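Reading through the C-alpha cells given below for one structure.
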Amino acid sequence: MIVLEDVSVQYKGVDEDAIKRVSITITEGEFVCVLGKSGAGKSTFLRSLNGLQSLSSGEIIVNNIALSNLKERELRLIRCNIGMIFQHFHLIPRLTVLQNALTGTFGKRKPWKNLIGLFSAEEKQVAMNALRAVELEDFWNRRVEELSGGQKQRVGIARTLVQNPKIFLGDEPVSSLDPSTAIKIFKLLKQIHEEKKLVTIINVHDVQLAKRFATRILGLKNGELVFDGTSDEMSEDVMKQIYGSEYEKQLYY
Ligand SMILES: Nc1ncnc2c1ncn2[C@@H]1O[C@H](COP(=O)(O)OP(=O)(O)O)[C@@H](O)[C@H]1O
Ligand SMILES: [Mg+2]
Numbered sequence: 085m086i087v088l089e090d091v092s093v094q095y096k097g098v099d100e101d102a103i104k105r106v107s108i109t110i111t112e113g114e115f116v117c118v119l120g121k122s123g124a125g126k127s128t129f130l131r132s133l134n135g136l137q138s139l140s141s142g143e144i145i146v147n148n149i150a151l152s153n154l155k156e157r158e159l160r161l162i163r164c165n166i167g168m169i170f171q172h173f174h175l176i177p178r179l180t181v182l183q184n185a186l187t188g189t190f191g192k193r194k195p196w197k198n199l200i201g202l203f204s205a206e207e208k209q210v211a212m213n214a215l216r217a218v219e220l221e222d223f224w225n226r227r228v229e230e231l232s233g234g235q236k237q238r239v240g241i242a243r244t245l246v247q248n249p250k251i252f253l254g255d256e257p258v259s260s261l262d263p264s265t266a267i268k269i270f271k272l273l274k275q276i277h278e279e280k281k282l283v284t285i286i287n288v289h290d291v292q293l294a295k296r297f298a299t300r301i302l303g304l305k306n307g308e309l310v311f312d313g314t315s316d317e318m319s320e321d322v323m324k325q326i327y328g329s330e331y332e333k334q335l336y337y
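Our numbering runs 84 ahead of the 1-based position in the sequence shown.
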C-alpha cells in the first residue's frame, strides 16, 4: 500500500511547486494510470514514490514505512521492491537480452559480483523465466541494440520481473511505441499485475489506453490532483479539466 499525505515537491530555484499537496492511498490490486499534459508533474510524482525525489512537505508511506528521513541505504532496500520501466527503456544496448534481464538482480547482490558479471545458474534461470514470460526466450543471446522498441520494452519488463518487486511503476513506458505495440505492452503489464497481485502505477500520454486498462485514473494538472476516479467517470468535462484547450486532441488519439 502507498499512502501520500499532503505531498508537495518544489524544485530548487522554481517558485511554483511541481506537486501540490497531493493526498491519496493506493492499495494492492489497483492498476493506476496517471494522466496529464507534459509538465503536469507525472514524472515527479512517480519519482517521489520510490524516494528518488525529496519532498518539500508531506510524507509518503510505502508498505508502512515512511520514506522521509530514511538513510540512502534504507531507501535502496525499499527500492528493491519497486520496479520501474521507462519511455526510453534504460537498457544497456551493447549487452545481450539475457545480460540486461540479469541486471534486475543487482539491487540484491554484493556490488563486487555486479562488477565482474558473475551470475549463478539460479539467477540465470530466473532471468530466462522472465524472458519466457515476455516471449523473448529465443532472443536471449541477441544484443539489445538490435531489437525493436516493443521488444526493448519487453526486456525492460523482464528485468523488472527478475527484480520481483511488489510495486510496478512506469514512466510513459509506451510513449515511443506504435499504438498496436503499446496495447500489447499494456496487456502484458496487466497480466503481470494480476498474476503477481502488484500495485501498478503508470504515467500515460494516451487517455484511451488509460480508460481501457486502468482500474483507477489520476489526473494531474500543474502539479495538482484534479481527478481521481474510474474510466467511466472520465467525462469530457474531466478531460477539459486535465488537458485544457488540448483536450480535443486526446479524443481522436
Ligand atoms: N530537475 C528539475 N528542476 C526544475 N524543474 C523541474 C525539474 N524537473 C521537472 N521540473 C519542472 O517540474 C514540472 C513537472 O515536471 P515533470 O514531473 O517532468 O512533468 P511531466 O512528467 O508530467 O511532463 C515542470 O514544470 C518541469 O519543468
Ligand atoms: Mg514526464
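Where a beta carbon is used, it is the ideal one built from N, C-alpha and C, also for glycine. Quantities reported herein were computed from a predicted structural model and do not represent experimental measurements.
Rounded to whole angstroms, the gap between the alpha carbons of G313 and L159 is 30 angstroms. Each residue's CA atom was taken as its position, placing E143 and K194 some 31 angstroms apart. Between G233 and L202, the C-beta gap is not smaller than 8 angstroms, which leaves the two residues out of contact. Here the distance from the Cβ of D290 to the nearest heavy atom of ligand 2 is not below 7 angstroms. Counting only beta-carbon distances shorter than 6 angstroms to the non-hydrogen atoms of ligand 1, the qualifying residues in chain order are Y95, V98, A102, G120, S122, G123, A124, G125, K126, S127, T128. V288 is the residue among V288, L282, K280 whose C-alpha sits nearest the C-alpha of A266.
Sequence-distant partners of T299 (beyond 5 residues in either direction) whose C-beta falls short of 6 angstroms from its own C-beta, in its chain, are E114, F115. Assigned with DSSP and collapsed to three states, K324 falls in helix. By the neighbour-count criterion, in which a residue is buried when 16 or more other Cβ atoms sit within 10 angstroms of its Cβ, R216 is exposed.
Excluding the 5 residues flanking it on each side, A294 has same chain C-beta neighbours closer than 6 angstroms at C117, L119, V288, I301, in chain order.
Comparing alpha carbon positions, the residue from E89, F311, L182 closest to S132 is E89. Under the DSSP assignment, V218 falls outside any beta strand (DSSP E); it carries neither an H nor an E label. In this structure, V218 sits away from L161, with a CB-CB distance that is not shorter than 8 angstroms. Between L139 and V93, the C-beta gap is smaller than 8 angstroms, which places the two residues in contact. Our two residues, M168 and V310, have alpha carbons roughly 25 angstroms apart in a direct line. In chain order, A102 place their CB closer than 7 angstroms to the CB of Y95, counting only its own chain and leaving out the 5 sequence neighbours on each side.
Relative to the non-hydrogen atoms of ligand 2, the Cβ of N306 never comes closer than 7 angstroms to any of them. For P263 against I166, the beta-carbon gap comes to about 28 angstroms, at or over 8 angstroms, which does not count as contact.
With contacts defined by Cβ atoms closer than 8 angstroms, G303 and V283 do not form a contacting pair. When DSSP states are grouped into helix, strand and coil, S319 belongs to the coil group. Taking 7 angstroms as the cut-off, the C-beta of E256 counts as close to a heavy atom of ligand 2. Within the region 132-193, the alpha helix (DSSP H) runs of at least 4 residues that lie entirely inside it are, in chain order, 156-164, 181-186. Secondary structure at K104: strand, using DSSP grouped into helix, strand and coil. Taking the CA atoms as reference points, Q235 sits about 24 angstroms from A205. Runs of the beta strand (DSSP E) lying entirely within the region 234-279 and spanning at least 3 residues, in chain order: 251-255. Between the alpha carbons of T128 and T111 lies a distance of about 20 angstroms.
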